[in-house]
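Taking the working numbering, I'd label the letters of the sequence shown as residues 9 to 578.
All residues carry an ideal CB built from backbone N, CA and C; glycine is no exception.
Input: a single structure, listed below in structure tokens.
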Amino acid sequence: MNLHCKPDVDSGSQVILPIQSSCPIMHRLISRGILVLALFALGLSALSLPAHAQQTDFGSTEFENSGAEAAQAPFLRGLLMLHSFEYGDARTAFQEAQEIDPDFVMAHWGEAMTHNHPVWMEQDRKAALEALRDLAPSPRARLEMASTKREKEYLRTVHVLYGAGEDDPRSKEARDDAYEDAMADLAAQYPDDLDAQAFHALSILGTAHEGRDFATYMRAAAVVEEVFDANPEHPGAAHYLIHAYDDPVHAPLGLRPARVYADIAPGAAHALHMPSHIFFALGQWARGAASNVDAYEAANTTAEERGEGLDGGGFHALHWLHYARLQQGQFEDARSVFETTKTHANDSAVSTSYATYMQWYMPLAFAVETEQWDQYDALVEAMDVEASALDTRGTVTLHAGRGLAAAQQGNLSSARSALDEAKAALGENETEALRIQVRELEGLIALKAGNPDEALRHLEKATAMEVERPLDFGPPFPAKPAPELYGEALLALDRPDEALAQFNTTLDRYSDRARSLWGKAQAAAQAGKTDVARNARATLVAQWENADASVRRQLQSLTGTADTGMSESR
């Protein structure tokens, strides 16, 4: 993998920079590599360095344990990968350590931990219990195999996480809450164990079952900030801080870890992607795009080397890169990302469900951001979407997208037909994001049919549902934020002051979102709020500095050529 440092400026350039000595963390890595070579020249083996303190492409940590010396390197690699959510590779590393030392208690603990994904609210309990049973058949027997009190405590926490056995009646949510308590106890007993502190912070994030909760996330941040201060190259510290600060309100606090995480763990594709969570929350689209270019290239290289299809992390990076390019007004590049995604999604070697997600989401996202509604059906067809195989979320979104595209083009008969299909697919499902999409379509159809009161009722309801949801991160879902559509409807009805409020609501949730900046500039100008309009325009001008020429021409129609000084060439 090519390692590189990110530029400090939010440039639109896609150039990947080679390692330079001006990058401080990379310079330290290179220096350490030279140190190891020097030790070999002196006749010393690499194992004369403490295995638990070696620097790797996945960060650094110290973790005392009773495993065999020969098993330390794969164990440490697995532990560091675990902190970067490289779960599959971490599992392989822990299993490698077990092959060297079958009774390595913490290697079995680590393998079990790879089956719990707290931030994603996922857990493969059956696989985790099987991994633990490979060590010993019962919790008591496993505890007896642990050589130290600290290792026994780690085992107790994982027993709490997964329960006593498959017949444990507690729900995942109940076990998550109990696990957080257990990790708090472990962290309190061993305050100098930075991994215990980091895993405690992660366990706190794993209790946010109802969505992002500021109090919960800030409590996690308080724990892991101290880890980051104690070891600035600990991957879990930087990673979990980014998750904790991953919203437009707290994102400025996440810039410090976001700027260094990719350099701490350049071997982890997820670490290359994660800084974009903060950059997106701050509307720094060029930096966010660069992070996801790196993450995709790393994931794709790994897939090619292994002869496998692109994994979920690779599709995740393409998803975010697509959105960033759309916000930059680089629609041609966004279409290129679309084509790359299509190629991977139609690869028979691909097994991740993220491929299907992108097949039905990406066409709608492209149509929403470009307003090329006449292209929607062709985009869906290009993705080769198998409608009959979609889950409720995909089916509702597919029909709602077709309805939005039809309504925007004035084809109300097709729009109403799509609405009926979306409602039938939704049924009694209470998922708010899906109900919002149905409300949006109802509102748009009413607006286009000349029923403004009915339209605004639907859109007001959709907006209320959306703003009551916890702040989310990354590209929006639904692809068309409800307050943005509400604002556009109000603007069409010559109610610019009310429209402006809705565009501001959208921008509070999705920083520097291009369509809402456009709407805000229009609404403010029509409402006579010149300074507000000028500021919104200026933000969009800067954001679209490297936009396609056709996009810049649209911008000139909004701002005036004399105000922008933008050229026609790209």
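Within its chain, find whatever has a CB closer than 7 Å to the CB of residue i; leave out the 5 residues flanking it on each side and keep chain order.
| i | result |
| --- | --- |
| S342 | Checking the sequence, you will find Ala at residue 342 rather than Ser. If we look at A342 and ignore the five residues flanking it on each side, its Cβ neighbours are H330, R333, L334, F374. |
| H167 | P147 |
| V559 | G337, F339, W552 |
| A136 | A120, H123, N124, Y170 |
| L420 | I453, K456, A457 |
| S579 | Limits of the chain in this structure are 9 at one end and 578 at the other, which puts residue 579 out of reach. |
| T360 | D319, G320, F323 |
| E94 | A276, H278 |
| D382 | Q417 |
| A529 | A541, A544, R545, L548, L566 |
| L90 | A98, G118, M121, T122 |
| A259 | Y253, I286, A289, L290 |
Following the continuous alpha helix (DSSP H) through residue i, name the residue where it begins and the one where it ends.
| i | result |
| --- | --- |
| E94 | No alpha helix (DSSP H) holds E94; DSSP gives it neither H nor E. |
| M226 | 222 to 238 |
| Y162 | 157 to 170 |
| K528 | 522 to 534 |
| Y494 | 490 to 500 |
| S74 | Unbroken run through S74: none, as it is neither H nor E. |
| H285 | 283 to 289 |
| L151 | 147 to 153 |
Give the secondary structure of residue i by DSSP, where H, G and I count as helix, E and B as strand, and everything else as coil.
| i | result |
| --- | --- |
| N543 | helix |
| H125 | strand |
| T64 | strand |
| A211 | Just to set this straight, residue 211 is Ser in the shown sequence, not Ala. Note: S211 maps to helix in three-state DSSP. |
| Q335 | helix |
| L387 | helix |
| G317 | coil |
| V559 | helix |
| K456 | helix |
| A259 | helix |
| S361 | coil |
| D254 | coil |
| D552 | Note that residue 552 is Trp in the sequence shown, not Asp. Note: W552 maps to coil in three-state DSSP. |
| E448 | helix |
| Y518 | coil |
| G402 | helix |
| D193 | helix |
| N437 | coil |
| K431 | helix |
| Y369 | helix |
| T349 | helix |
| K180 | helix |
| L55 | For L55, the predicted structure reports a pLDDT of 34, less than 50, and the residue's modelled location is therefore unreliable. A value from the coordinates is still provided. Looking at L55 - three-state DSSP - the assignment turns out to be helix. |
| E119 | helix |
| D201 | coil |
| G219 | coil |
| D111 | coil |
| N308 | helix |
| A325 | helix |
| K537 | coil |
| G275 | coil |
| P486 | coil |
In chain order, what residues of the same chain lie with their CB nearer than 6 Å to the CB of residue i, ignoring the 5 residues before and after it?
| i | result |
| --- | --- |
| G275 | D65, F66 |
| L442 | V404, L434 |
| E241 | G67, S68, I272 |
| L464 | none |
| F485 | A441 |
| L498 | E506, A507 |
| A115 | F83, F102, A105, Q106 |
| L501 | P460 |
| R150 | L143, A144, L163 |
Give me the Cβ distance between residue i and residue j, rounded to the nearest whole Å; I'm assuming they're in contact under 8 Å.
| i | j | result |
| --- | --- | --- |
| M391 | K350 | 6 Å |
| L290 | A306 | No, L290 and A306 are not in contact; Cβ-Cβ is about 23 Å, not under 8 Å. |
| L467 | E448 | 7 Å |
| T156 | A190 | That belief does not hold up - the Cβ atoms of T156 and A190 are roughly 17 Å apart, past 8 Å. |
| W328 | N300 | 5 Å |
| H217 | E181 | 5 Å |
| A487 | L563 | Not a contact, Cβ separation roughly 22 Å. |
DSSP puts residue i in a beta bridge; with which residues?
| i | result |
| --- | --- |
| E130 | H125 |
Short of 8 Å in beta carbon distance, which residues of its chain neighbour residue i, apart from the five on each side in sequence? Order them along the chain.
| i | result |
| --- | --- |
| E492 | Q510, F511, T514, R521, R523, S524, G527 |
| V446 | V404, A408, L427, A430, K431, L434 |
| A172 | P147 |
Verify the contact flag: residue i, CB atom, against every heavy atom of the ligand NAP, threshold strictly below 7 Å.
| i | result |
| --- | --- |
| E448 | Questions concerning the ligand NAP fall outside what the structure shown contains, since it holds no ligand whatsoever. |
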